[in-house]
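FYI, this note's numbering numbers position 120 of the sequence shown as 232, with every residue one higher than the one before it. Written below as structure tokens is the structure these notes are about.
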Amino acid sequence: MKRRVATTIAVAMTGLCVMASAGQASGYQLMAITELQANAQGHFVTHASINGYDVAVLVDTGATVVALSFEDARGVGLRPGTLSFDVPVSTANGIAQAARVTIDRIVIDGVKVENVEGLVLPEGALRGTLLGMSFLGKLSSFRVEDGVLRLKD
113 MKRRVATTIA VAMTGLCVMA SAGQASGYQL MAITELQANA QGHFVTHASI NGYDVAVLVD
173 TGATVVALSF EDARGVGLRP GTLSFDVPVS TANGIAQAAR VTIDRIVIDG VKVENVEGLV
233 LPEGALRGTL LGMSFLGKLS SFRVEDGVLR LKD
């Protein structure tokens, strides 16, 4: 009979945290951590890999879900021309009809989240892509301190 040890060891490295937990088959699980510096306007702007495609994004804790512009959705292979735009959303320009999607994978500097709920906005309704709480809420943690957003998967 195998004995189970209930200890967890964390070793921090540059951008990565290695978790070793007894009882797992391999015993090791990599945990990525990244930090984003706020820009001059106080926004967290970065590049993310969305479904394998590089996209400029704004991290927005006030957005319920990831919101993709029509153009970015097309660029990451979501085929927005085939989607049903039947979800009413409030934008800076008023009410718009968005389309629900599931994004396979979003990665920022090694921090990876899969199966993320998102909305695609109609053409011209949104400039850029917002990473909202449907992404952030799947992380093990995120926090803002002294103008730095720290993401941990």
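Cβ atoms here follow ideal geometry from the backbone N, Cα and C, with glycine treated the same way. Predicted, not measured: the structure shown is a model, and the values here were computed from it.
Beta-bridge pairing of residue i - partner residues as DSSP gives them
| i | result |
| --- | --- |
| residue 224 | 219 |
| residue 264 | 145, 253 |
| residue 186 | Its beta-bridge partners do not exist; DSSP assigns none. |
Cβ pair residue i, residue j closer than 8 Å
| i | j | result |
| --- | --- | --- |
| residue 177 | residue 230 | yes |
| residue 213 | residue 195 | yes |
| residue 163 | residue 157 | no |
| residue 223 | residue 144 | yes |
| residue 148 | residue 182 | no |
Residue i burial status per 10 Å Cβ neighbour count (16 or more: buried)
| i | result |
| --- | --- |
| residue 204 | exposed |
| residue 258 | exposed |
| residue 206 | exposed |
| residue 142 | exposed |
| residue 184 | buried |
| residue 189 | exposed |
Candidates the options, of which the one nearest residue i by Cα
| i | options | result |
| --- | --- | --- |
| residue 215 | 252, 179, 144, 150 | 179 |
| residue 160 | 249, 147, 154, 218 | 218 |
| residue 235 | 246, 220, 209 | 209 |
Cβ-Cβ separation, residue j to residue i (assumed contact under 8 Å), whole Å
| i | j | result |
| --- | --- | --- |
| residue 170 | residue 242 | 5 Å |
Any C-beta of chain C under 8 Å from that of residue i
| i | result |
| --- | --- |
| residue 211 | No chain C is present in this structure, which holds just one protein chain. |
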